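Participant: Handing you a structure now.
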Amino acid sequence: MKRNQTSELLKKMKFLPRILGLTFLSLTLTNCYGKLPPEDIASRLEPSIVKVFYKSQPGHGTGFFVSGEKGVCTVLTAAHVVNKEGEISLETKDGIEDVANVEIFPSDIDLALVTFRPDGGKCNYPALKIGNSENLRKGYSGIQAYATTFKIV
35 MKRNQTSELL
45 KKMKFLPRIL
55 GLTFLSLTLT
65 NCYGKLPPED
75 IASRLEPSIV
85 KVFYKSQPGH
95 GTGFFVSGEK
105 GVCTVLTAAH
115 VVNKEGEISL
125 ETKDGIEDVA
135 NVEIFPSDID
145 LALVTFRPDG
155 GKCNYPALKI
165 GNSENLRKGY
175 SGIQAYATTF
185 KIV
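If you want our numbering, it's the 1-based position in the sequence shown plus 34.
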């Protein structure tokens, strides 16, 4: 390497820390670590949300698909949503309605599983994964809760 080339390279290298610093700062300011905006989260969740309603009564609630028995669609919802008398039905985001079976958890837990057998014998709706709240840190800023209705806004 010639002397002129070496001195040019050294001049360029003295700006390297500044360039790296600005790059790091810009990545930090643009939130590059992958946090999704609420609109993107909602659009990813929508196919997994169902409407729970009663054939004989007005009113409804919501639930979401979870993993279950092969060939059966399984929905987790609140027990108070399905503990009314009458036939329970589900409506998926694609407008399909189906009569459902209900299994309510013990009375001290406000949860219920609602199941139905889809036409074709395969549940084609994405199941949501339920995390472990014991792994969360108090005040962790990355955790956000989103309330939903059947039509996510």
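Ideal Cβ placement from N, Cα and C applies to all residues, glycine included.
What you are looking at is a predicted structure, and each value in this text was computed from that prediction instead of being measured.
#1: With distances taken Cα to Cα, identify the nearest neighbour of Arg269 among Thr108, Glu80, Asp142, Pro160.
#2: Let me know the secondary structure DSSP gives Phe58 once reduced to three states.
#3: Among Thr149, Ile83, Asn158, Asn117, which has the Cα closest to the Cα of Pro140?
#4: With the cut-off set at 9 Å, would you say Ala112 and Asp132 are in Cβ contact?
#5: For Ser30, which residues does DSSP report across the bridge?
#6: When you compare only the Cα positions, how much space is there between Asp153 and Phe87?
#7: Using alpha carbons as the reference points, say which of Glu103, Ala146, Cys157 lies closest to Ile122.
Facilitator: So, to answer that:
#1: This structure leaves residue 269 out entirely; the chain is present only between 35 and 187.
#2: Taking the first residue of the sequence shown as 1, we reach residue 58 at position 24. Reliability of the predicted coordinates at Phe58 is poor, the pLDDT of 48 falling under 50, and the value obtained from them is presented with this limitation in mind. DSSP places Phe58 in helix when its eight states are reduced to three.
#3: Within the sequence shown, residue 140 is the residue found at index 106, counting from 1. That would be Asn117, whose Cα lies nearest to the Cα of Pro140.
#4: Within the sequence shown, the letter at position 78 stands for residue 112. Within the sequence shown, the letter at position 98 stands for residue 132. No, they are not a contact pair.
#5: In this structure the chain extends from 35 to 187, so residue 30 is not present and cannot be described.
#6: As a position in the sequence shown, residue 153 is number 119, starting the count at 1. As a position in the sequence shown, residue 87 is number 53, starting the count at 1. Spanning the two alpha carbons is a distance of roughly 20 Å.
#7: Counting from one through the sequence shown, the residue named residue 122 turns up at place 88. Among Glu103, Ala146, Cys157, the Cα nearest to that of Ile122 is on Ala146.
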